[in-house]
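Chemist: I have a structure I would like to understand better, so I am pasting it below and will then ask my questions one at a time.
Protein chains: 2
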Amino acid sequence: MVARACYLPAVPRTIDRDARKAKLAEAVWRIIVERGIGAVSVRSVAEEAGVVVGSLRHVFPTRAELLEFSAELMVARATERIQATPLPADLGEAAFALLRHLMPLEQESRAEMEVYIALLAESPALPRLAAIRDEANQQIAQLCGQVVAALIGRPLDDERTVTETRRLHALVDGLALHLLVQPADADTTWATDLVRADIARLIATRSPDSQPAPSTD
Amino acid sequence: MVARACYLPAVPRTIDRDARKAKLAEAVWRIIVERGIGAVSVRSVAEEAGVVVGSLRHVFPTRAELLEFSAELMVARATERIQATPLPADLGEAAFALLRHLMPLEQESRAEMEVYIALLAESPALPRLAAIRDEANQQIAQLCGQVVAALIGRPLDDERTVTETRRLHALVDGLALHLLVQPADADTTWATDLVRADIARLIATRSPDSQPAPSTD
DNA sequence: CACGTGCTAGCACGACTGTGCCAGCAAAGG
DNA sequence: CCTTTGCTGGCACAGTCGTGCTAGCACGTG
Chain A
5 MVARACYLPA
15 VPRTIDRDAR
25 KAKLAEAVWR
35 IIVERGIGAV
45 SVRSVAEEAG
55 VVVGSLRHVF
65 PTRAELLEFS
75 AELMVARATE
85 RIQATPLPAD
95 LGEAAFALLR
105 HLMPLEQESR
115 AEMEVYIALL
125 AESPALPRLA
135 AIRDEANQQI
145 AQLCGQVVAA
155 LIGRPLDDER
165 TVTETRRLHA
175 LVDGLALHLL
185 VQPADADTTW
195 ATDLVRADIA
205 RLIATRSPDS
215 QPAPSTD
Chain B
5 MVARACYLPA
15 VPRTIDRDAR
25 KAKLAEAVWR
35 IIVERGIGAV
45 SVRSVAEEAG
55 VVVGSLRHVF
65 PTRAELLEFS
75 AELMVARATE
85 RIQATPLPAD
95 LGEAAFALLR
105 HLMPLEQESR
115 AEMEVYIALL
125 AESPALPRLA
135 AIRDEANQQI
145 AQLCGQVVAA
155 LIGRPLDDER
165 TVTETRRLHA
175 LVDGLALHLL
185 VQPADADTTW
195 ATDLVRADIA
205 RLIATRSPDS
215 QPAPSTD
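These protein sequences, in sequence, are chains A and B.
Here the first sequence is numbered in this note's numbering, starting from 5 and rising by one per residue.
Here the second sequence is numbered in this note's numbering, starting from 5 and rising by one per residue.
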């Protein structure tokens, strides 16, 4: 992951490699969103990022590495955005604050979702992408699990927690899909209302004698 | 659509155009499933279908037409399979019999789902695909609507019907997504159980004075 | 200053792409 | 029989693809 600091001895290193990689990954995202995964080539990405192909290939020697890093960075960005969510004191509001990040409600998360779909579509060709997809999926499932456990006041490994987690995860991902295929500027309250309703339903079935702490970070 | 019978006068017409088109579309599906949308080219499809490029292009002059027809046929196949579903007398069982076709539980519906994802990923490049995607989506939404209306015994335009339809649609599509990203031979009962549970929940809230007829065809 | 290295810019190659075009074939109509 | 027509098989072209390779530039370090 890091392996950068051990290079200190004597090197020019003018540019910030990580910033460059991020810039290229973002160019990949833009092309996926605007022109589809089929339009992603080393040349189109280099042009979109404003660098020449040689520079791109200095950082990503092969196209596969470029795509894999782009997918990984997308997952990382989403993860850190969720972890940085300020949690309201109210349990239901805290749950919603977390879950709303799993749906394409803003332009940024819309792009992430679109990249995720492209990742699905290309995973037969680039098997590494399947692993990244699974990792992203598992992280979302874990988040849903913690939210559900906190809402219904039962442990993570409780049978009902597991079932409700799967249901909530499916609901959120299904809504995400439907939000993605509607115009970006269309109304989204119908989806957020459904999530809020499900949160309320889960709270309503809360075990009376349960630990009050959410502990969903 | 048809415009075939008006050709009677005098033509050889040795092959069945529609069968040929279907064979090519199925080749497209296989390549999407096995190698990803990026591997779909006129040459790869022709080889997969066992014809030469010239023959493919005699039926589909351009690659876009090939992809659009493949997507349309996928939607049509799914639609006719659902319409051909025998409906059990029991309301809940009938609902499940319909809804199970919306999830990739068998190899065939798995392929359809995979094609649908590829369709999503490529729709920025081929705008016609976006229309097909919307049409498929609307058909599924309609089916969910009829199922929900029958289950809760309220009219289609009832407010609660609309809300529950959206929820059921999201649940089913989310489960479909999760079933797709798990191995084809993995257990699927967890997903079908969730659908059955939701059907039971909807029936439980059924209005007491409602028309008993499902009328979901 | 000169040296070494990170980086850029670009050429070159072979493979592959979609599509235009045409020669040849088999079969149905006259 | 011959002609017409649907279809096959394939060549060709221009463009794009990923990637190997190299010459030159800019800059941190000695």
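Positions of the beta carbon are idealized from the N, C-alpha and C atoms, including for glycine.
These numbers were taken from a predicted model, which means no experiment stands behind them.
Helix, strand or coil: how does DSSP classify Val199 of chain B here?
Modeler: Three-state result, Val199 of chain B: helix.
Chemist: Tell me which same chain residues have a C-beta within less than 7 Å of the C-beta of Leu106 of chain A, skipping the five on either side of it?
Modeler: These residues qualify, in order along the chain: Ile144, Val176, Ala180.
Chemist: Can you tell me which of B:Leu77, B:Leu184, B:Val151 puts its alpha carbon nearest to the alpha carbon of Arg170 of chain B?
Modeler: Comparing Cα-Cα distances from Arg170 of chain B to each of B:Leu77, B:Leu184, B:Val151, the minimum goes to B:Val151.
Chemist: If the cut is a Cβ gap below 7 Å, which residues of chain B does Asn71 of chain A touch?
Modeler: The question names Asn, but residue 71 of chain A in the sequence shown is Leu. Those do not exist, as Leu71 of chain A stays about 10 Å from chain B at its closest Cβ, beyond 7 Å.
Chemist: Kindly indicate which three-state DSSP category Met78 of chain A falls into: helix, strand or coil?
Modeler: Helix.
Chemist: How long is the line joining the alpha carbons of Glu52 of chain B and Ala82 of chain A, rounded to whole angstroms?
Modeler: If you take the alpha carbons of Glu52 of chain B and Ala82 of chain A, they lie about 39 Å apart.
Chemist: Strictly below 7 Å CB to CB, what residues from chain A border Trp194 of chain B?
Modeler: Those are Arg170, listed as they occur along chain A.
Chemist: Could you give the uninterrupted runs of the alpha helix (DSSP H) lying entirely in the region 36 to 74 of chain B, keeping only those of 4 residues or more?
Modeler: Whole alpha helix (DSSP H) segments, 4+ residues: 46 to 53, 57 to 63.
Chemist: Listing by chain order, which chain A residues have their CB less than 8 Å from the CB of Arg137 of chain B?
Modeler: Going along chain A in sequence order, the residues near Arg137 of chain B (Cβ under 8 Å) are Val185.
Chemist: Specify the secondary structure class of Glu112 of chain A as computed by DSSP and reduced to three states.
Modeler: Helix, per DSSP.
Chemist: Between the alpha carbons of Asp138 of chain B and Phe73 of chain B, how many angstroms are there, rounded?
Modeler: Roughly 15 Å between the two C-alpha positions.
Chemist: Counting only the same chain and skipping the five closest in sequence on each side, list residues whose C-beta sits under 8 Å from that of Ala101 of chain A.
Modeler: So the list reads Thr89, Pro90, Leu91, Pro92, once near-sequence residues are dropped.
Chemist: Here's the rule: buried if 16 or more other CB atoms are within 10 angstroms of the residue's CB, otherwise exposed. What is Ser211 of chain B?
Modeler: Per the 10 Å Cβ criterion, exposed.
Chemist: Below 9 Å between beta carbons is the criterion; list the residues of the region 84 to 115 of chain A that meet it against any residue of chain B, in chain order.
Modeler: Listed by position, the residues of the region 84 to 115 of chain A near chain B (Cβ gap below 9 Å) amount to none.
Chemist: For a cutoff of 8 Å on Cβ pairs, would you count Asp177 of chain B as touching chain A?
Modeler: Yes, Asp177 of chain B lies at the interface with chain A (some Cβ there is under 8 Å from its Cβ).
Chemist: How long is the line joining the alpha carbons of Pro65 of chain A and Arg34 of chain A, rounded to whole angstroms?
Modeler: The alpha-carbon atoms of Pro65 of chain A and Arg34 of chain A are separated by roughly 21 Å.
Chemist: First and last residue of the alpha helix (DSSP H) that includes Arg137 of chain A?
Modeler: 131 to 156 is the span of the alpha helix (DSSP H), which, as asked, contains Arg137 of chain A.
Chemist: Does the beta-carbon of Val32 of chain A have 16 or more other beta-carbons within 10 angstroms, so that it is buried, or is it exposed?
Modeler: Per the 10 Å Cβ criterion, buried.
Chemist: Buried or exposed: which applies to His62 of chain A, given that a residue is buried once 16 or more other Cβ atoms fall within 10 Å of its Cβ?
Modeler: It is exposed - the Cβ of His62 of chain A has fewer than 16 other Cβ atoms within 10 Å.
Chemist: Classify Met117 of chain B as helix, strand or coil using the three-state DSSP reduction.
Modeler: Helix at Met117 of chain B.
Chemist: Assuming Pro108 of chain A contacts Leu172 of chain A under a Cβ cut-off of 8 Å, what Cβ separation, rounded to an integer in Å, is found between them?
Modeler: About 17 Å separates the two Cβ atoms, so there is no contact after all.
Chemist: Just the Cα atoms here: how many angstroms apart are Gly96 of chain B and Glu168 of chain B?
Modeler: Roughly 15 Å between the two C-alpha positions.
Chemist: In this structure, does DSSP put Val166 of chain A in helix, strand or coil?
Modeler: Correct three-state label for Val166 of chain A: helix.
Chemist: Could you please give the first and the last residue of the uninterrupted alpha helix (DSSP H) stretch that includes Leu103 of chain A?
Modeler: Taken as a continuous stretch (DSSP letters only), the alpha helix (DSSP H) holding Leu103 of chain A covers 95 to 103.
Chemist: Buried or exposed: where does Met165 of chain B fall if 16 or more other Cβ atoms within 10 Å of its Cβ makes it buried?
Modeler: Per the sequence shown, residue 165 of chain B should be read as Thr rather than Met. That one is buried.
Chemist: In chain order, what residues of the same chain have a beta carbon less than 8 Å from the beta carbon of Ala188 of chain A, not counting five sequence neighbours either side?
Modeler: Excluding sequence neighbours, Ala188 of chain A sits near Gln111, Arg114.
Chemist: Hey, out of B:Gly40, B:Gln87, B:Ala208, whose CA is closest to Ser127 of chain A's CA?
Modeler: Answer by Cα proximity: B:Gly40.
Chemist: Give a yes or no on whether the C-beta atoms belonging to Gly157 of chain A and Ala174 of chain B are separated by under 8 Å.
Modeler: Not in contact: Gly157 of chain A and Ala174 of chain B (Cβ atoms no closer than 8 Å).
Chemist: Does the Cβ of Ala7 of chain B have 16 or more other Cβ atoms within 10 Å, making it buried, or fewer, making it exposed?
Modeler: Residue confidence for Ala7 of chain B is low, a pLDDT of 34 falling below 50, so the modelled location carries little weight and cannot support an answer.
Chemist: Who are the neighbours of Glu38 of chain A on chain B, taking C-beta pairs under 9 Å?
Modeler: What Glu38 of chain A touches in chain B: Pro128.
Chemist: Considering only residues of the same chain and omitting the five flanking positions on each side of Glu76 of chain B, which have a CB-CB separation below 8 Å?
Modeler: Taken in chain order, the residues that qualify are Ile136.
Chemist: Apart from the five residues on each side of it in sequence, which residues of its chain come closer than 6 Å, Cβ to Cβ, to Met78 of chain A?
Modeler: Correct list, in chain order: Glu116, Val119.
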